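This report concerns only the one structure given below.
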Amino acid sequence: MDNRFWLGREDEEAIGHEGERTGVRAVLRLRGELDLEGAPSLAEAAGPLLGDGSRTLVLDCHGVTFCDSSGLNTLLNLRQRAADSGARLLLARPSASVRHLLRLTHTERVFHIVDDTVDDVVDDTAGDAVGPAAEDRVGDASPPRS
386 MDNRFWLGRE DEEAIGHEGE RTGVRAVLRL RGELDLEGAP SLAEAAGPLL GDGSRTLVLD
446 CHGVTFCDSS GLNTLLNLRQ RAADSGARLL LARPSASVRH LLRLTHTERV FHIVDDTVDD
506 VVDDTAGDAV GPAAEDRVGD ASPPRS
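Written as structure tokens, this is what we have:
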């Protein structure tokens, strides 16, 4: 089995009633090992999405087979960048290995975690044009389907 890290990207832009941009969602579907080798790929792909006006970045973690401290550090850094830029970071359907690491490190409360499919998450955030929820701010908590 090939456990190399892989990610796929989907974007969706919401348009308001008068044609204004009301929010942008980007979805990254993660697969394989989110470790010292794979974490830089996630940071490289997700970083620009947080600076391009995306209001919600959904990381579909269902396909992550392993996550080490490098992967966790990348997730924490992305959560901080999202909070700093007024965006929202969602971890969708985290795999058992991701959930285990979050529990062990007591960081599960830092992230907004959803168990819905990516399509459900995107539908639920379609009108999200406001800043991050209080639980997504620094010191508190912050997505999809395969």
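FYI, the numbering for the sequence shown is 386 to 531, going by the numbering used here. Here a beta-carbon is modelled for each residue, glycine too, at the ideal position from N, C-alpha and C. A quick note: this is a predicted structure, and the numbers were derived from the prediction, not measured.
Those residues which DSSP pairs with residue i across a bridge
i      : result
Leu476 : Leu444, Ile498
Leu419 : Cys452
Residue i, buried or exposed, once every other Cβ within 10 Å from all chains shown has been counted against 16
i      : result
Glu418 : buried
Asp420 : buried
Thr510 : The pLDDT assigned to Thr510 is 48, lower than 50, so where the model puts this residue is not dependable, and the model offers no usable value.
Gly489 : As written in the sequence, residue 489 is Leu, which differs from the Gly given in the question. The residue is exposed, with fewer than 16 neighbouring Cβ atoms inside 10 Å.
Arg494 : exposed
Ser454 : exposed
Ala424 : buried
Gly471 : exposed
Ala477 : buried
Leu457 : buried
Neighbourhood of residue i by C-beta distance below 6 angstroms, restricted to the same chain and skipping five residues each side
i      : result
Val483 : Cys446, Val449, Cys452
Glu398 : Summary for Glu398: the model assigns pLDDT 49, below 50, so the residue's position carries little reliability; its value from the coordinates is reported in the next sentence. Val409.
Arg466 : Leu435
Arg416 : Trp391, Gly448
Thr459 : Ala424, Leu427, Ala428
Cutoff 8 angstroms; reference residue i; Cβ partners in own chain excluding five residues on either side
i      : result
Pro479 : Cys446, His447, Val449, Leu487, Ile498
Gly432 : Leu463, Arg466
Leu461 : Thr492, Val495
Same chain, Cβ closer than 7 angstroms to residue i, five either side skipped, listed in chain order
i      : result
Asp500 : Arg478
#### Entry: In chain order, each beta strand (DSSP E) run of at least 3 residues that lies wholly inside the region 433-457
441-452
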